[in-house]
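Residue numbers (our numbering): 114 to 316. For glycine and all other residues, C-beta sits at the position ideal for the given N, C-alpha and C.
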Ligand code: MN
């Protein structure tokens, strides 16, 4: 298979109580797996696609053959978004941001509290399924929301962090209370990994 589901970098229960074990199990083993399976289905029709990374595929959707472009957009996007998502979280994460991203957040949003408020408000308002992302554009951090599994990579922007607001990400524990999930999510952020991604975003 061209693309494979990356193993979760911690146990299913490791992000309790912020994200419950059952949600993690379904989200990783079923939802993420389905994106990978569907992406591989597109590669079967066009084997050349398997020579590229998923980031490369999603970064240049116009280069994807038309008959599988939507499949790659949705499922390549799903694969790349979820791979990031698992990596930017960790058990005993959260707290105040560290390193260069802490300084940039302060410069562009005033404080971590102000940044979180803006991010959570914007992402809470994403209608239906989608994501909230932090990107670096023109030398400044910017919050963007995307529907479905669309990635900022398709706009030439590298996602530094992102939160999944598909109902499958929070409904078992938080039901309809998306803002509660958004507020709690910062307790599991892996700031070391976010800093690594910020370095990449600056290049
Ligand atoms: Mn998801």
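Screening all residues for a C-beta within a distance smaller than 6 Å of any heavy atom in the ligand MN leaves 140, 144, 195, 277, 279, 281 and 282, in chain order.
Membership of residue 255 in any alpha helix (DSSP H) is not indicated; the residue belongs instead to the beta strand (DSSP E) covering 253-260.
For residue 115 against residue 163, the beta-carbon gap comes to about 3 Å, under 8 Å, which counts as contact.
The DSSP-derived three-state label of residue 276 is strand. Around the CB of residue 306, 16 or more other CB atoms lie within 10 Å, so the residue is classed as buried.
The three-state secondary structure of residue 170, taken from DSSP, is helix.
Residue 302 and residue 208 have their C-alpha atoms roughly 8 Å apart. In the three-state reduction of the DSSP assignment, residue 246 falls in the strand class, which pools E and B. In the DSSP assignment, residue 202 forms a beta bridge with 302. Take residue 153, set aside five residues on each side of it, and the residues of its chain with a beta-carbon closer than 7 Å to its own are 114, 115 and 116, in chain order.
Contact between residue 145 and residue 118 holds, with the beta-carbon distance rounding to 6 Å and staying under 8 Å.
For residue 221 and residue 254, the gap between their C-alpha atoms comes out near 6 Å.
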